[in-house]
Each structure stands twice: as structure tokens, then as C-alpha cells.
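K.L.:
With the working numbering as the guide, the letters of the sequence shown map in order to residues 663 to 863. Ideal placement from N, C-alpha and C gives every residue a C-beta, glycine not left out.
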Amino acid sequence: MRPVFSVHLLVAILISASSTLSAEDYPDEWWDSVKEVNEFTAVSQEGRLKLTVALIDPEPVVEKMVKGPNGDFPRHEYQGKLLPLDFYPGRKLLTKFELRWDGKLIPVEERFWNDLAGFEVEISTVDPKSIPIENRWRFKHEFSLQMLQPRIILSAEGGTVLIEWVKREDGDSQSTTRWIVTKSGTVLRHRDWPSWEDEDL
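(1) Looking at the structure shown, is Lys-766 part of a helix, part of a strand, or coil, going by DSSP?
(2) Take Gly-821 as the anchor and find which of Trp-827, Arg-813, Val-843, Leu-850 has the nearest alpha-carbon.
(3) Expressed to the nearest angstrom, what Euclidean distance is found between the alpha-carbon atoms of Ser-846 and Ile-768?
(4) For Phe-774 and Val-723, which I take to be in contact (beta-carbon distance under 8 Å), what is that distance rounded to the nearest angstrom?
(5) I need the straight-line Cα distance from Glu-739 to Leu-807, nearest angstrom please.
(6) Should the region 792 to 812 be called in touch with the region 726 to 736, which here means at least 3 C-beta pairs below 8 Å?
(7) For Phe-801, I'd like the list of residues in its chain whose CB is within less than 6 Å of its CB, leaving aside the five on either flank, ordered along the chain.
(8) With respect to the beta strand (DSSP E) encompassing Ala-818, which residues constitute its N-terminal and C-terminal limits?
(9) According to DSSP, is Glu-691 part of a helix, a strand, or is it coil?
(10) Tell me the rounded alpha-carbon separation between His-803 and Asp-789.
(11) Just the C-alpha distance for Lys-697 and Ile-825, rounded to the nearest angstrom, thanks.
(12) Leaving out five residues on either side along the sequence, give the residues of the same chain with a beta carbon under 6 Å from the beta carbon of Phe-749.
(13) Put Ser-835 into one of helix, strand or coil per three-state DSSP.
(14) What residue range is occupied by the uninterrupted beta strand (DSSP E) comprising Gly-733?
(15) Short of 7 Å in beta carbon distance, which residues of its chain neighbour Phe-759, apart from the five on each side in sequence? Order them along the chain.
(16) If I measure Cβ to Cβ from Trp-693 and keep anything under 8 Å in the same chain, skipping five residues before and after, which residues do I get?
(17) Can you tell me whether Val-699 is buried or exposed, with buried defined as 16 or more other CB within 10 angstroms of its CB?
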């Protein structure tokens with residue numbers, strides 16, 4: 663005899679299971695916990711590296727015309743200083759970029775970070791420890807790593823630091839700025855901005 667009742671039992675089980683799922687089971691729900699902050703400390707996985715950043719919303723800004731090789735063009739000024747070329751009202755400015763390695767301050771000259779505007783820091787109010795173990799991989803890789811914030815990584819050999827920070831750009835695109843820093847304070851900076859051709863593939 664065909665067990666017709668098993669279909670109804672299966673449906674009942676699924677409904678019961680779905681009704682007990684918490685918000686932590688769904689990345690879409692996790693996004694409701696995201697908020698922007700202007701101060702943040704990124705910590706490397708093993709805990710030896712810390713990067714503390716601070717952002718401000720400059721207000722008010724003044725637009726002025728400055729001379730360039732191809733004629734005058736508009737720039738924004740805040741408290742008497744010209745702002746980065748990629749600044750426009752609504753974008754934030756970096757005011758702090760402090761790297762510590764095993765507790766020691768590694769100086770990163772301002773010229774490597776104070777000429778960029780538009781960075782954001784997003785954090786979640788969800789405590790990762792509250793996520794069921796079976797969902798923690800999803801929480802980290804499908805959610806946490808997608809938030810806009812600086813990330814700091816120690817090289818496998820332990821000799822250099824990699825810092826990555828993604829930011830929004832016009833036209834729904836984004837760019838990634840990377841810094842490689844040594845213990846002696848040598849800094850290399852690289853900026854990656856996907857082209858429209860890449861997005862059409």
C-alpha cells in the first residue's frame with residue numbers, strides 16, 4: 663500500500679523546522695544588523711597585528727577652482743586644506759591609519775593613506791559566538807567578509823603585512839586598495855579598479 667500519509671508528515675516536519683529557524687540562519691537577515699562606524703580596529707587572525715582607522719564626514723566643505731596643466735578645475739577644501747582628488751560631498755576622509763605589530767607601532771607615512779577618500783567601515787551587531795556551528799562558515803564567508811572594512815593579514819613567513827580595503831565607486835563599481843608593509847616601515851600601495859570590460863564578461 664502506498665504510504666500517502668508520509669507526504670503530509672514530511673510537509674509537517676519541514677514547516678516545523680522552518681518555524682524554529684532563527685535570524686542567524688539567513689545571511690539576508692544578518693544584513694539587518696549592519697551599521698556604519700567611524701572608528702574601527704582590524705585584528706589579524708592570529709592576533710599579532712592591529713590596524714586602527716578613523717574616518718570623518720568633513721563639514722562644511724568649500725569648492726574652489728585650482729589651476730592645472732589643462733586649465734582650472736574644481737577642488738574641495740576643508741579647514742583650509744585641499745581634499746583628495748577623489749573626494750566629493752558625502753564621502754568620508756581618513757584621519758587615522760595606525761598599524762601595530764606585536765604591540766609595536768609601525769609608522770605608515772600619511773602620504774600612503776591621506777590622499778584617498780570614500781572609505782567606509784561596516785560592522786555587525788551579531789555576536790559570531792551566537793551563530794550555530796553549522797552556520798559559522800556561511801556567516802564568515804557569505805556575510806562578514808562582504809562588509810566594507812579594512813582587513814589585515816600576516817604573511818606565511820611572518821615578514822610582511824597585507825592590508826586590503828574595498829570601497830564603493832561611482833556606477834555601482836568598487837575598487838580595492840592594498841598596502842604591503844614591512845616591520846621596518848617600508849610601504850607599497852596598490853589600487854585595483856575593475857574595468858567595465860571585466861564586468862561584461
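P.N.:
So, to answer that:
(1) What you label residue 766 is simply residue 104 of the sequence shown in a count that begins at 1. Lys-766: strand per DSSP, three-state reduction.
(2) Translated into positions along the sequence shown, residue 821 becomes position 159. The candidate whose alpha carbon is nearest that of Gly-821 is Val-843.
(3) Within the sequence shown, residue 846 is the residue found at index 184, counting from 1. Within the sequence shown, residue 768 is the residue found at index 106, counting from 1. CA-to-CA, the gap between Ser-846 and Ile-768 works out to about 7 Å.
(4) Walking along the sequence shown from the start, residue 774 turns up at place 112. Walking along the sequence shown from the start, residue 723 turns up at place 61. With 8 Å as the limit, Phe-774 and Val-723 do not qualify as a contact, their Cβ atoms being about 23 Å apart.
(5) Taking the first residue of the sequence shown as position 1, residue 739 is located at position 77. Taking the first residue of the sequence shown as position 1, residue 807 is located at position 145. Cα-Cα distance, rounded: 34 Å.
(6) Taking a contact to require three or more Cβ pairs closer than 8 Å, the region 792 to 812 and the region 726 to 736 do not qualify as touching.
(7) As a first step, residue 801 is located in the sequence shown; it is residue number 139 there, counting from the start. Setting aside the 5 residues that flank it on each side, Phe-801 is surrounded in the same chain by Ile-793, each with a C-beta closer than 6 Å to its C-beta; the list follows chain order.
(8) Your numbering for residue 818 matches position 156 in the sequence shown. Looking at the DSSP string, Ala-818 is not in any beta strand (DSSP E), and its letter there is neither H nor E.
(9) The residue given as residue 691 occupies position 29 in the sequence shown. Glu-691 falls in the helix class under three-state DSSP.
(10) Locating residue 803 in the sequence shown gives position 141, where the first residue counts as 1. Locating residue 789 in the sequence shown gives position 127, where the first residue counts as 1. The straight-line gap separating the alpha-carbon atoms of His-803 and Asp-789 is approximately 15 Å.
(11) Against the sequence shown, residue 697 aligns to sequence position 35. Against the sequence shown, residue 825 aligns to sequence position 163. About 22 Å.
(12) Walking along the sequence shown from the start, residue 749 turns up at place 87. Only residues of its own chain outside the window of five on either side were considered, and among them His-738, Ala-779 have a CB closer than 6 Å to the CB of Phe-749, listed in chain order.
(13) What you label residue 835 is simply residue 173 of the sequence shown in a count that begins at 1. Here Ser-835 carries a coil assignment [DSSP, helix/strand/coil].
(14) Along the sequence shown, read from residue 1 onward, the residue named residue 733 stands at position 71. Going by DSSP, Gly-733 is part of the beta strand (DSSP E) stretching over 733 to 740.
(15) Here residue 759 refers to the residue found at position 97 of the sequence shown. Answer for Phe-759: Val-715, Val-770, Trp-775, listed in chain order.
(16) By one-based count along the sequence shown, residue 693 stands at place 31. Closer than 8 Å at Cβ, skipping near neighbours: Phe-805.
(17) For the purposes of this step, residue 699 is identified with residue 37 of the sequence shown, where counting begins at 1. It counts as exposed.
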